Amino acid sequence: MGVFLSNVNSDSKHLTYSSDLTEVLRLYYNLLMAKVRSKWICTECGYETAGYLGKCPECGSWGSFQEEFQYAQKPAINNSPVNEFVNTEKPALLKDIHIGDEVRVSTNISEFDRILGGGLVQGSLVLIAGDPGIGKSTILLQTSGELCKSNKKVLYVSAEESASQLKLRAQRLKINSDNLYVYPQTSMENIKTEIEDILPDVVVIDSIQAIYSQGVASSAGSVTQIRECCNLLMHIAKTKNITIVVIGHVTKDGNIAGPKVLEHMVDTVIYFEGDKYKSYRMLRAMKNRFGNTSEVGIFEMHSDGLREVKNPNELFLNERSQVAVPGSAIIVTNEGTRPLLVEVQALVGTTPYPTPRRVTNGVDTSRLLQILAVLEKRVGLNLSKQDVYVNVMGGIEVDEPSADLGIALAVATCARDVVVDSQTVIIGEIGLSGEIHPVSNIEKRLNEAAASGFKKAIIPYANTTDFDKIEIVRVKRLIDAITACVTPV
Ligand code: TYD
Ligand code: MG
524 MGVFLSNVNS DSKHLTYSSD LTEVLRLYYN LLMAKVRSKW ICTECGYETA GYLGKCPECG
584 SWGSFQEEFQ YAQKPAINNS PVNEFVNTEK PALLKDIHIG DEVRVSTNIS EFDRILGGGL
644 VQGSLVLIAG DPGIGKSTIL LQTSGELCKS NKKVLYVSAE ESASQLKLRA QRLKINSDNL
704 YVYPQTSMEN IKTEIEDILP DVVVIDSIQA IYSQGVASSA GSVTQIRECC NLLMHIAKTK
764 NITIVVIGHV TKDGNIAGPK VLEHMVDTVI YFEGDKYKSY RMLRAMKNRF GNTSEVGIFE
824 MHSDGLREVK NPNELFLNER SQVAVPGSAI IVTNEGTRPL LVEVQALVGT TPYPTPRRVT
884 NGVDTSRLLQ ILAVLEKRVG LNLSKQDVYV NVMGGIEVDE PSADLGIALA VATCARDVVV
944 DSQTVIIGEI GLSGEIHPVS NIEKRLNEAA ASGFKKAIIP YANTTDFDKI EIVRVKRLID
1004 AITACVTPV
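So for the sequence shown, the numbering used here puts the first residue at 524; every next one is plus one.
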């Protein structure tokens, strides 16, 4: 409103001196143009419309439209950051293009470096997204402390916590650095001025939803504000060659509030996941213009901050019962370049409902439905009147097909009240006719299983290997796998 009123006042001075009709008309036009407009924006994809829509015509999501108020004036800068930095005057031949050396800054936290593809790339914009309270501020304050140890200048912009709150957290994390600037601030313009003044190597923005730009009239956290602030940050990162790490909170439905727009603008998107009620946390790269996207880093939350977990298998398998129980199987899933051993549990029981339930945790439900269909048709297991629950222990999400065989064996052993030997790992993808397909990186997976003390592995027949540290059983069909490793209780 401030902009609108001041515009009118300044022009109305002219009116007292001029009785010219055109001047009156010009003023009237200004008044009309300065009125507040409202528009509806899809929080999923950024699609704009004049009125409310139940379903987004662009991305198909329901109930995702949010109303935003805007003055009819131009935003501070162009709304297309990507184009702004890719625009060149003329096309050039690929062979003539020279690339400068990509400068990476190590965070001194090896798990974090691995996800980033070897450290923070200078001049890049990184988004760390996660649920509130998962530990985003903690890991970035720790990272800032580590960066300062290697003589990097870091500016930590705290838009949610006061300087004394940050100091308390830093004391808890035992961070005591002379190079770390702390700046409690929410105005994007002030932040920009300070960045240009201090010229740090790395800037942390905690969080993007709490800062606002004066160039946009809508409130902080709205789609337009987030887009504009991200735009400005991208501009600073690229023109000043400063690495900017932005924290973004995730909404209830699992998407970063103010939305995919943010994901496609930044260079790297990292999700910070984990069970709030358990101590371990996972950093997962979802998009990385400078590295591998499937990497995962594992941390454990302690009273003095997050610590890296160098041997995650100990963490995920130590809660497991040492005696074999029906409905349990150990799989070896590949998380990026690292194999992880995890336990899959299944519970099968007669349903009290008209339609049997299929509930999954850590596995895609449609994948389970496919495995159940194969178990019914190719193995003869009747599950049509049974509820099936499948849970991947440790809060891990398994989306790799190599987990199929382990899931099938967990379900089958629970349904028949038999067990898979507790020293056996199960690896294999199941096809619709019950055949077992080969998987990638078999040697790496077997090595990990042997290192964790397993004695036997069931693997696809097509995966030939001369690995001899543990007993290997190669199977062609699902039914062969069941006969190879299942024993009575
Ligand atoms: P925080 O980093 O504030 O989360 P976010 O920024 O993602 O919202 O972390 C908050 C939680 O972490 C809080 O519940 C307390 C816990 N915590 C520890 O257990 N140990 C610690 O050393 C710190 C700093 C936080
Ligand atoms: Mg925080």
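For glycine and all other residues, C-beta sits at the position ideal for the given N, C-alpha and C.
The model shown is predicted, which means the values in this text are computed figures rather than measured ones.
Handout entry: Residues near Ala760 by beta carbon distance below 6 Å, same chain, minus five either side
Key = Here residue 760 is taken as the residue at index 237 of the sequence shown, counted from 1. Same-chain partners within the cutoff: Gly646, Leu648, Ile767.
Exercise for the section: For my contact list, Cys671 and Leu703 are in at a C-beta cut-off of 8 Å; report their separation, rounded to the angstrom. Expected result: Counted from its first residue, the sequence shown places residue 671 at position 148. Counted from its first residue, the sequence shown places residue 703 at position 180. That pair is a contact at about 5 Å.
Practice task
In the DSSP assignment, find the beta strand (DSSP E) that holds Phe977 and state where it starts and stops.
Solution key: For this step, residue 977 is matched to residue 454 along the sequence shown. Unbroken run through Phe977: none, as it is neither H nor E.
Exercise for the section: Quick one: grab the DSSP three-state call for Glu851. Expected result: Position 328 of the sequence shown, counting from 1, holds the residue named residue 851. Per the sequence presented here, residue 851 reads as Ser, with Glu not at that position. Ser851 falls in the strand class under three-state DSSP.
Handout entry: Residue of Ile919, Gly872, Leu898 minimising C-alpha distance to Lys908
Key = Here residue 908 refers to the residue found at position 385 of the sequence shown. Nearest option by C-alpha distance: Gly872.
Practice task
For the segment 610 to 623 and the segment 807 to 814, state whether three or more C-beta atom pairs, one from each stretch, are separated by less than 8 Å.
Solution key: no
Handout entry: Whole-angstrom distance between Thr860 and Asp940, CA atom to CA atom
Key = In the sequence shown, the residue the question calls residue 940 occupies position 417. In the sequence shown, the residue the question calls residue 860 occupies position 337. Near 35 Å, if we compare the C-alpha coordinates of Thr860 and Asp940.
Exercise for the section: Anything with a beta carbon under 6 Å from a heavy atom of the ligand MG counts; list them all in chain order. Expected result: Lys659, Ser660, Glu683, Asp729
Exercise for the section: Could you check the C-alpha separation between Glu899 and Ile1002 for me, to the nearest Å? Expected result: On the sequence shown, position 376 is the one that residue 899 refers to. On the sequence shown, position 479 is the one that residue 1002 refers to. When rounded, the distance between both Cα atoms is 11 Å.
Handout entry: Other residues of its chain near Tyr984: CB distance less than 7 Å, five sequence neighbours each side excluded
Key = Here residue 984 refers to the residue found at position 461 of the sequence shown. Hits under 7 Å: Ile959, Arg997, Val998, Lys999.
Exercise for the section: Confirm the yes/no value for this check: CB of Pro707, any heavy atom of the ligand TYD, distance under 6 Å. Expected result: Position 184 of the sequence shown, counting from 1, holds the residue named residue 707. Not under cutoff, so the answer is no.
Exercise for the section: Measure the alpha-carbon distance for Ser748 versus Asn754 and round it to whole angstroms. Expected result: Here residue 748 is taken as the residue at index 225 of the sequence shown, counted from 1. Here residue 754 is taken as the residue at index 231 of the sequence shown, counted from 1. Inspection of the sequence shows that residue 748 is occupied by Gln rather than by Ser. So the alpha carbons of these two residues sit roughly 10 Å apart.
Problem - Rounded C-alpha distance that separates Ala869 from Ile854 - result: As a first step, residue 869 is located in the sequence shown; it is residue number 346 there, counting from the start. As a first step, residue 854 is located in the sequence shown; it is residue number 331 there, counting from the start. One C-alpha to the other measures close to 13 Å.
Problem - beta-carbon Val619 near the ligand TYD non-hydrogen atom, thresh 6 Å - result: The sequence position of residue 619 within the sequence shown is 96, counting from 1. In the sequence as displayed, the identity of residue 619 is Asp instead of Val. No, since every heavy atom of the ligand TYD falls outside the 6 Å radius drawn around the Cβ of Asp619.
Exercise for the section: Using a threshold of 7 Å, state whether the C-beta atoms of Asp724 and Lys763 are closer than that. Expected result: In the sequence shown, the residue the question calls residue 724 occupies position 201. In the sequence shown, the residue the question calls residue 763 occupies position 240. Cβ distance not < 7 Å, so Asp724 and Lys763 don't count as in contact.
Handout entry: Alpha-carbon to alpha-carbon, Val726 and Val677
Key = Here the question's residue 677 lines up with position 154 in the sequence shown. Here the question's residue 726 lines up with position 203 in the sequence shown. Whole-angstrom Cα-Cα distance: 6 Å.
Problem - Cβ neighbour criterion (16 or more within 10 Å) applied to Val739 - result: Numbered from 1 along the sequence shown, position 216 holds the residue referred to as residue 739. Burial call: buried.
Exercise for the section: Compute the beta-carbon to beta-carbon distance between Glu866 and Leu840, rounded to the nearest angstrom, for a pair I have assumed lies under 8 Å. Expected result: Position 343 of the sequence shown, counted from the start, is the residue given in the question as residue 866. Position 317 of the sequence shown, counted from the start, is the residue given in the question as residue 840. Contact flag correct, Cβ pair sits at about 7 Å.
Exercise for the section: Please indicate yes or no: does the CB of Met824 lie closer than 6 Å to some heavy atom of the ligand ZN? Expected result: This structure lacks the ligand ZN; the ligands present are the ligand TYD and the ligand MG.
Practice task
Could you tell me if Tyr876 is buried or exposed, where buried requires 16 or more neighbouring beta carbons within 10 angstroms of its beta carbon?
Solution key: As a working mapping, residue 876 is identified with position 353 in the sequence shown. Tyr876 comes out exposed.
Practice task
Could you tell me if the beta carbon of Arg804 falls within a distance shorter than 6 Å of some heavy atom in the ligand TYD?
Solution key: Start at 1 with the first residue of the sequence shown, and residue 804 comes out as number 281. Incorrect: Arg804 has no Cβ contact closer than 6 Å to the ligand TYD.
Problem - Asp1003 - DSSP class collapsed to helix/strand/coil - result: As a position in the sequence shown, residue 1003 is number 480, starting the count at 1. Note: Asp1003 maps to helix in three-state DSSP.
Problem - Test item: CB-CB of Ala733 and Thr709 under 7 Å - result: Working through the sequence shown from its first residue, we reach residue 733 at position 210. Working through the sequence shown from its first residue, we reach residue 709 at position 186. Yes.
Handout entry: Local conformation of Arg997 per DSSP, three classes
Key = Stepping through the sequence shown from its first residue, residue 997 is reached at position 474. If DSSP states are grouped into helix, strand and coil, Arg997 belongs with the strands.
Problem - Start and end residues, beta strand (DSSP E) containing Glu719 - result: As a working note, residue 719 is residue 196 in the sequence shown. Run containing Glu719: none in the beta strand (DSSP E); it sits in the alpha helix (DSSP H), 711 to 721.
Problem - Inter-stretch contact (C-beta, 8 Å, three-pair minimum) for the segment 791 to 808 and the segment 650 to 664 - result: yes
Exercise for the section: Whole angstroms is fine: what's the gap from Leu650's alpha carbon to Ile1005's? Expected result: Numbered from 1 along the sequence shown, position 127 holds the residue referred to as residue 650. Numbered from 1 along the sequence shown, position 482 holds the residue referred to as residue 1005. Each residue's alpha carbon lies about 45 Å from the other.
Handout entry: DSSP state of Pro875 mapped onto helix, strand, coil
Key = For the purposes of this step, residue 875 is taken as residue 352 along the sequence shown, with counting starting at 1. The answer is coil: DSSP assigns Pro875 none of H, G, I, E or B.
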